[in-house]
Amino acid sequence: MVAGADWSLQNEQGWSALQEAVCTREEAIAMTIARHYQPLAWAKWCRRLPRIVASAARIRDFYMEMSFHFESSVIPFIGRIAPSDTYRIWKRGSNLRADMTLAGFDGFRIQRSDQTFLFLGEGYTSEDGNLSLPAGSLIVLSHKEKEVTNALEGAGAQPTESEIAHEVQMMSQTNMYRPGIDVTQAELVPHLNWRRQERSEMVGNWKAKIYDMLHVTVSVKSRRVPGAMTDEELFSVDDEERMANSGEHDEYDDVLTAEERMQLNSALRMGNSDGVCDDDEHGVVDCRENGSAGGYENCESNGVAKEKKSWFGWNKKGSKNSDDPDDSKIGKFSKSAPEGSNQRQVDNHRSLSEFAKEDAADGKKRKDKSSKKKKKKGGNSDDKHESEYKKGLRPVLWLTPDFPLKTEELLPLLDILANKVKAIRRLRELLTTKLPSGTFPVKVAIPIVPTIRVLVTFTKFEELPPMEEFATPPSSPVHFQDAKSKESEG
987 MVAGADWSLQ NEQGWSALQE AVCTREEAIA MTIARHYQPL AWAKWCRRLP RIVASAARIR
1047 DFYMEMSFHF ESSVIPFIGR IAPSDTYRIW KRGSNLRADM TLAGFDGFRI QRSDQTFLFL
1107 GEGYTSEDGN LSLPAGSLIV LSHKEKEVTN ALEGAGAQPT ESEIAHEVQM MSQTNMYRPG
1167 IDVTQAELVP HLNWRRQERS EMVGNWKAKI YDMLHVTVSV KSRRVPGAMT DEELFSVDDE
1227 ERMANSGEHD EYDDVLTAEE RMQLNSALRM GNSDGVCDDD EHGVVDCREN GSAGGYENCE
1287 SNGVAKEKKS WFGWNKKGSK NSDDPDDSKI GKFSKSAPEG SNQRQVDNHR SLSEFAKEDA
1347 ADGKKRKDKS SKKKKKKGGN SDDKHESEYK KGLRPVLWLT PDFPLKTEEL LPLLDILANK
1407 VKAIRRLREL LTTKLPSGTF PVKVAIPIVP TIRVLVTFTK FEELPPMEEF ATPPSSPVHF
1467 QDAKSKESEG
């Protein structure tokens, strides 16, 4: 580790050295890795930073608006309870500003926070020289609290021994989860109208053709950590916390009737059933298991909840046992790190438990069925107790050749914002697939459960004039009037 070993490299099963150390109870090895991975990750981020700044500087300056909301074909009231927001983004040189009011949400409880994120690719120095920020600083402005924080403050500092011990202890308390999305086999198929012609529609000011993206797979791999809480214990603790924090359904009482709440629960359960996404319309579900039948059952029921909750929940509490890129460790112990740094790895154990009650009944009914599936698959058994949940998704893309930005130009900017905004992070993952040359996805719809999907839409784009084209106005309108009167006298 001192020599710079890359701890984030994964083995054939997809687990890093740190995760293997935790799962095999090698505490000394886990603490050694935890002691060094933050400075190493920070060093890697610093190496990447010049490339990100240079890529941002090459893009034209612009102002852009991007909307984010849920919609449902069968739940008309989804807009009243699901979060929505419009992200406003300014780009000038290698600097970036993003305004948003949606900080996160737990279930359907929206956490509003009027915030501005400033990425200072060129750094900043005040006129009096008292304040100086290095290039690549990420500043968070909380308007309501009137607070300004440096999100990466202390990101490269060496953690204390107590922080390291606490980190390893937290990782050992819950099972390991590794979510991911695979677009390597993705294929675009156009929507056709009744004349068998490619269907198109206007999105904002741009005419776009509509495509289905096939062969996109979302997976959640889980692994049992010896001595950690079982999923049942985890769900029980989470339910107790939720009941202590004002009850299970209190957040719906103000906006939903009893009938509407039943309709919502029914739609969410549909996503947990065996039949969800198992046809050509929604994709396929696959589940692989190594270990006990109980692990297989976890894969089938909890996996669905994990995927669903990963959209409906941005939580600041939870397990640190997720699989995240090495730069996500940047700022793990920093004062106010973005979600993708020290929070992206902590939102997973709660993400499994939001719909635990709905899963419980279905899980019992499927126990025998899952055991039969296990026997049919004849999985090779070992002591790792691993399971993997897979679900095929069918996102819909609206592609236009007229959008001013190219996809490859947008990706470096999404790299900056994806650390904080989950919707942008998922959008970026989908955009890594190869799109038709010269097209831009001005709108993307991603299904969550068969009847609910999230929409990300680029609603506005304005190119900003170069800085040198700005003229300096007169210092006072009085001077302007004086000049005008002199001209009339002459």
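Counting from 987, one number per residue, gives the positions in the sequence shown under our numbering. Backbone N, C-alpha and C fix where the C-beta goes; we use that ideal spot for every residue, glycine too.
Am I right that residue i and residue j are in contact with their C-beta atoms under 8 angstroms? What's the rounded C-beta distance?
i	j	result
residue 1438	residue 1064	6 angstroms
residue 1386	residue 1193	6 angstroms
residue 1068	residue 1075	With 8 angstroms as the limit, residue 1068 and residue 1075 do not qualify as a contact, their Cβ atoms being about 22 angstroms apart.
residue 1244	residue 1200	At roughly 39 angstroms, the Cβ-Cβ gap does not stay under 8 angstroms, so residue 1244 and residue 1200 are not in contact.
residue 1122	residue 1004	Actually they are not in contact, since the Cβ atoms of residue 1122 and residue 1004 sit about 26 angstroms apart, beyond 8 angstroms.
residue 1450	residue 1049	6 angstroms
residue 1086	residue 1160	Wrong, their Cβ atoms sit about 30 angstroms apart, outside the cutoff.
residue 1379	residue 1202	5 angstroms
residue 1382	residue 1198	6 angstroms
residue 1017	residue 1151	7 angstroms
residue 1373	residue 1208	5 angstroms
residue 1009	residue 1162	6 angstroms
Between residue i and the rest of its own chain, which residues show a CB-CB distance below 7 angstroms, the 5 nearest in sequence each way excluded?
i	result
residue 1395	1045
residue 1417	1393, 1397 and 1427
residue 1142	1025 and 1028
residue 1212	1011
residue 1013	1154
residue 1115	none
Using DSSP bridges, identify the partner residues of residue i.
i	result
residue 1071	1054
residue 1182	None, per the DSSP bridge assignment.
residue 1433	1439
residue 1168	1203
residue 1384	1196 and 1429
residue 1176	1197
residue 1076	1049 and 1083
residue 1447	1050
residue 1002	996
residue 1187	1194
Under 6 angstroms Cβ to Cβ from residue i, same chain only, skipping five residues before and after it: list those, please.
i	result
residue 1080	1039, 1042, 1043, 1107 and 1108
residue 996	1002
residue 1384	1189, 1194, 1196, 1428 and 1429
residue 1104	1083 and 1125
residue 1078	1047
residue 1419	1169 and 1172
residue 999	none
residue 1315	Its pLDDT being 46, under 50, residue 1315 is placed unreliably in this model, and the value from its coordinates should be taken loosely. Cβ neighbours of residue 1315 beyond the five flanking positions: 1023, 1024 and 1027.
residue 1177	1185 and 1196
residue 1133	none
residue 1058	1064, 1437 and 1438
residue 1191	none
Thinking just about the alpha-carbon of each residue, which of the options is nearest to the one in residue i?
i	options	result
residue 1155	1116, 1001 and 1007	1007
residue 1206	1185, 1214, 1168 and 1186	1168
residue 989	1176, 1162, 1026 and 999	1026
residue 1415	1440, 1429, 1166 and 1184	1166
residue 1179	1381, 1170 and 1196	1196
residue 1101	1121, 1129 and 1120	1129
residue 1403	1017, 1052, 1216 and 993	1052
residue 1204	1184, 1164, 1148 and 1186	1164
residue 1388	1374, 1210 and 1447	1447
residue 1391	1017, 1047 and 987	1047
residue 1061	1248, 1030, 1187 and 994	1248
residue 1210	1157, 1185 and 1177	1157
residue 1131	1099, 1371, 1031 and 1374	1099
residue 1421	1115, 1376 and 1170	1170
residue 1445	1030, 1376, 1073 and 1184	1073
residue 991	999, 998, 1030 and 1135	1030
Identify, in the order they occur along the chain, each residue of the same chain with its Cβ nearer than 8 angstroms to the Cβ of residue i, setting aside the five sequence neighbours on each side.
i	result
residue 1110	1117, 1118, 1119 and 1123
residue 993	987, 1002, 1003, 1004, 1019, 1022, 1023, 1026 and 1312
Report the start-end ranges of each alpha helix (DSSP H) in the region 1090 to 1168 that is 4 residues or longer and not cut off at the edges.
1147 to 1157
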